Amino acid sequence: MTSTGTSTDGSGGFERSAEERTYRAAAEEGDAADKRVYGEYLVGRGRVDDAVRWLEEAAEGGDAQAARLRAVTAKDRGQFTVAAHWYRTAAERDGDCAFGLAELLLERLDDPEGAAEWYAKGAGLGSVECRTNGALLMLRQGRTSEARAQLEQAALHDHIAEQIEDRLVELADRIEHYRDRITELAAMCALPPEERPADLDEQVDEFLEDGDERYEPFGELHKEPEWFTSYPSFLPDVEKAYEEAQALGDPRTDRCHGLLYYNLDRYQDACRVLEDGLRRHPDSRTLARTLSAVHLQYGELEKYEASLLPGAEAGDRLQQRRLGDHYRDQWRLAEARRWLEAAEAGTEGDDHDDDSVAASLAELAEAEQATAPALDAQTESRLPALRAAAAAGDPAADLELGRLMQTLCRYPEAVRHYKRAAADPGTPHAPAASYALGRMLYEECGAHEKAVVPLYLPAAKEGDLDAIEGLGALYVRLDEPVKAEPWLRKAARFGRPDAASWVGNRVGDDYGDMEEAVRWWMRAAKAGRAWYGWRAGMQLVRWKRYQEAEGLLRLAWTGREKKDPLHEAAYWLARALHGQGRAAEAVEWMRTARDVHHIVRRGYSGFMLTTLFDPSMELAKLLVEEVATPEAYEEAETLLAPVLERSPQHRTARHLLARVAEQRGDLDAARDHLEQSYTPEGEEAGPLLTAQQVTEVLRRVLG
-8 MTSTGTSTDG SGGFERSAEE RTYRAAAEEG DAADKRVYGE YLVGRGRVDD AVRWLEEAAE
52 GGDAQAARLR AVTAKDRGQF TVAAHWYRTA AERDGDCAFG LAELLLERLD DPEGAAEWYA
112 KGAGLGSVEC RTNGALLMLR QGRTSEARAQ LEQAALHDHI AEQIEDRLVE LADRIEHYRD
172 RITELAAMCA LPPEERPADL DEQVDEFLED GDERYEPFGE LHKEPEWFTS YPSFLPDVEK
232 AYEEAQALGD PRTDRCHGLL YYNLDRYQDA CRVLEDGLRR HPDSRTLART LSAVHLQYGE
292 LEKYEASLLP GAEAGDRLQQ RRLGDHYRDQ WRLAEARRWL EAAEAGTEGD DHDDDSVAAS
352 LAELAEAEQA TAPALDAQTE SRLPALRAAA AAGDPAADLE LGRLMQTLCR YPEAVRHYKR
412 AAADPGTPHA PAASYALGRM LYEECGAHEK AVVPLYLPAA KEGDLDAIEG LGALYVRLDE
472 PVKAEPWLRK AARFGRPDAA SWVGNRVGDD YGDMEEAVRW WMRAAKAGRA WYGWRAGMQL
532 VRWKRYQEAE GLLRLAWTGR EKKDPLHEAA YWLARALHGQ GRAAEAVEWM RTARDVHHIV
592 RRGYSGFMLT TLFDPSMELA KLLVEEVATP EAYEEAETLL APVLERSPQH RTARHLLARV
652 AEQRGDLDAA RDHLEQSYTP EGEEAGPLLT AQQVTEVLRR VLG
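The opening residue of the sequence shown carries number -8 in the numbering used here; numbering runs sequentially from there.
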């Protein structure tokens, strides 16, 4: 074979090219800058493990860029304290390191004061990013005048700062526009009926639902809570706009006001606004429905039931169906049937979906045929004593009663007991009770993730592994991966395979650190997640770490019936075995890969499909180059015949067939195959090579 120009030295299965050897030699003999350049080279090729030494040596030698890159690699691996150390080595003199340290403190170490300090220091060193992001932090802290002054300076050099300034102006103008328009519409609404414009209702609708050429509709404002978390100084003006909008006499303004508070995670304020709106508009279905939905999202089950009843009694089919479902979930089946049948027979033309009522009735019928949850006789006999102990203030009794009532699906009662058990954070039962409450509300009662995060936290901080992993999963569902990561890393370190797979995906797919990703995927695979055996094994084969890959790929193969893409493990397992010199086993697995390739192809399309490996071709190579028996040659010829039908000048196929011919002593056939592979497209093959030249080509190309 021709030389590749690389040599393997045992460093993690990677090969060092001539280019790398030059960089390494310079790093070994040179200064901090040379070490940093080599470290950057390694990181750029995904070899962070190898890069660490060189980056640290360069950083210790005073190279700020190396310190920053070393900190980034540590941060991406969840090593936040390590990252902070390397940022600090240069942050006093390098604005980029000061910025990295400030971002780390703010986003990962929950230290906004420290972040503000380093943003200021970085700005003093000339970092535009520090000045801009420091201003953003000031805005979030309500320090508006200081922030605007910072942005004005940063905008001279940073288009992001300029965009923020534009957004601030836009939001101020938008709120002013809304308030001016509300004043106009309110004045018209205050006129005697006969003096009001005939299209006043249409104007109000347009303002609330359609907007105008300049701005989004007022009714959309609650969908953008990030405006008011990023720029809280605008919130008082928005609140005034909603209060002024009450003069329009339309309950939709109260609904939007309540939803803004809900989206800002201000449950009490949301309920207050919606309840005030219902007092002004007692017949408003939209307000009643929204209020009950908010109660449910926050797991306030008793308030949820109470808020459903007025609408249900007034004939609101949606509230009737919700109430019926609520009762069915608690096995209050007679009450559930009453309200679901009322919803089914409700007013014609109502805005509720008949299909959902039918589905609820079907679920009710199944429940009526099932056995209601019950306690065994011994546990039932303990209830009076438990209730007496709970009434006397025993949190352990309340916790046990909460669990028992949850078993019976008496959720509102379970909530009361769990809350009492969790009321005093200093008691040993409080974290477990809080977590049990949060988990029940989320998994069984329909509460929103953001409402139960605070309930998971005490147990997670106490080290409850289920709570730790559950909290991380909640943050993932809330699309807050930065908050999820430390919890899921902790769960993964303690052997949770789903957490390990998430961390692996995070560092591999988001950060591009495949070495770290493979370590986490291996944990997930060894804990039974076959999919990650494939992901890790495939990467290990590419790195020529064949022995490590083998077991993972065998595990992946076991999961193929549940996940079709895992049929691909056969191909990578064949390569892993071949890499270990086990040619006979590799051939058998490559035959298997060929047999299941039609399943593998289903998972690919477009360019990925056109570049997908061909097990038949690789099997032919193994048969010709490794097995090299007459029977193997015949099988290879059979495999290669369709390839030549599709692509007569397929070079690899022709070379393999030339080798077969040469081994049989048929140099004319060998020469013909080689000439076919080298013939320019559109030209006829001619006598291009002598027999001696054929032999030389075979030796050079085929080995």
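In this text, a Cβ means the ideal position worked out from N, Cα and C, and glycines have one as well. Model, not experiment: these values are computed from the prediction.
How would you label S372, buried or exposed, when you count the other beta carbons within 10 angstroms and need 16 or more for buried? By the 10 Å Cβ count, S372 comes out exposed.
At the level of alpha carbons, what is the spacing between G290 and R328? 23 Å
Would F219 pass as a contact of Y169 if the rule is Cβ separation under 9 Å? no
Cβ pair E609, A565 closer than 9 Å: yes
Starting from the Cα of P422, find the closest Cα among A451, Y402 and A442 and give me that residue. A451
Just list the alpha helix (DSSP H) runs in the segment 22 to 102, keeping only unbroken ones of 4 residues or longer that don't cross its boundaries, in chain order. 23 to 35, 39 to 51, 55 to 67, 71 to 82 and 86 to 98
For Q667, which of helix, strand or coil comes out of DSSP? helix
Measuring alpha carbon to alpha carbon, tell me which residue in T362, E404, Q360 and A363 is nearest A381. E404
Mind listing, in chain order, the continuous alpha helix (DSSP H) runs of no fewer than 4 residues lying wholly within the segment 106 to 173? Counting only runs of 4 or more residues that sit fully inside the segment 106 to 173, the alpha helix (DSSP H) segments are 119 to 131 and 135 to 145, in chain order.
According to the Cβ coordinates, are L282 and L269 closer than 9 Å? yes
Who are the near neighbours of P678 in its chain, counting only those whose CB is closer than 7 Å to its CB and skipping five residues on each side? Note that P678 scores a pLDDT of 45, beneath 50, so its modelled location is shaky; the value from the coordinates is reported in the next line. Around P678: no qualifying Cβ.
According to DSSP, is W13 part of a helix, a strand, or is it coil? At residue 13 the sequence reads Thr, which differs from the Trp that was named. Looking at T13 - three-state DSSP - the assignment turns out to be helix.
By the three-class DSSP mapping on this structure, what secondary structure does F485 have? coil
Nearest neighbour of R645, chosen from V615, P556 and E622 [CA to CA]: V615
Using a threshold of 9 Å, state whether the C-beta atoms of L162 and C180 are closer than that. no
Indicate the three-state DSSP secondary structure (helix, strand or coil) for F604 in the structure shown. coil
Give every residue of the same chain whose Cβ lies closer than 6 Å to the Cβ of W512, excluding the five residues on either side of it in the sequence, and list them in chain order. G495, Y523, R526 and A527
How many angstroms separate the CA atom of Y14 from the CA atom of D25? One C-alpha to the other measures close to 8 Å.
Spatial neighbours of W548 within its chain, please: CB distance less than 7 Å, with the 5 preceding and 5 following residues excluded, ordered by chain position. L557, A560, A561 and L564
So for C436, helix, strand or coil by DSSP? coil
Own chain partners of Y110 with C-beta closer than 7 Å, once the 5 adjacent residues on each side are dropped: A93, C121, N124, G125 and L128
Endpoints, the alpha helix (DSSP H) within which Y409 is located: Here the alpha helix (DSSP H) through Y409 covers Y402 to A413.
Between the segment 228 to 238 and the segment 164 to 178, can you find at least three pairs of beta-carbon atoms closer than 8 Å? yes
Under 7 Å Cβ to Cβ from A611, same chain only, skipping five residues before and after it: list those, please. Within the same chain, A611 has close Cβ partners A627, L630, L631 and L647.
Measure the alpha-carbon distance for G542 versus L96 and round it to whole angstroms. 41 Å
Do you know offhand how far L100's Cα is from Q70's? 11 Å
Could you tell me the distance, in whole angstroms, from the CA atom of P419 to the CA atom of H408? 15 Å
Counting beta carbon pairs with one atom in the segment 373 to 393 and one in the segment 408 to 417, are three or more of them shorter than 8 Å? yes
Helix, strand or coil for G384? Go by DSSP, reduced to three states. coil
I need the boundaries of the alpha helix (DSSP H) containing Y295, first residue and last residue. L292 to E304
So R313 and L292 are in contact, right, with Cβ under 8 Å, and what is the actual spacing, rounded? Not quite, the Cβ-Cβ distance comes to about 12 Å (not below 8 Å), so this is no contact.
As assigned by DSSP and simplified to three states, the class of P273: coil
For R276, the nearest candidate out of P364, R308, T398 and C262 (CA to CA): R308
With a CB to CB cut of under 7 Å and the five nearest residues on each side skipped, what residues in its chain are close to A56? One point to set straight first is that residue 56 is Gln, not Ala, in the sequence displayed. Around Q56: R27.
Ends of the alpha helix (DSSP H) at S224? That residue, S224, is in no alpha helix (DSSP H); it is neither H nor E in DSSP.
For C436, I'd like the list of residues in its chain whose CB is within less than 7 Å of its CB, leaving aside the five on either flank, ordered along the chain. G290, L292 and Y402
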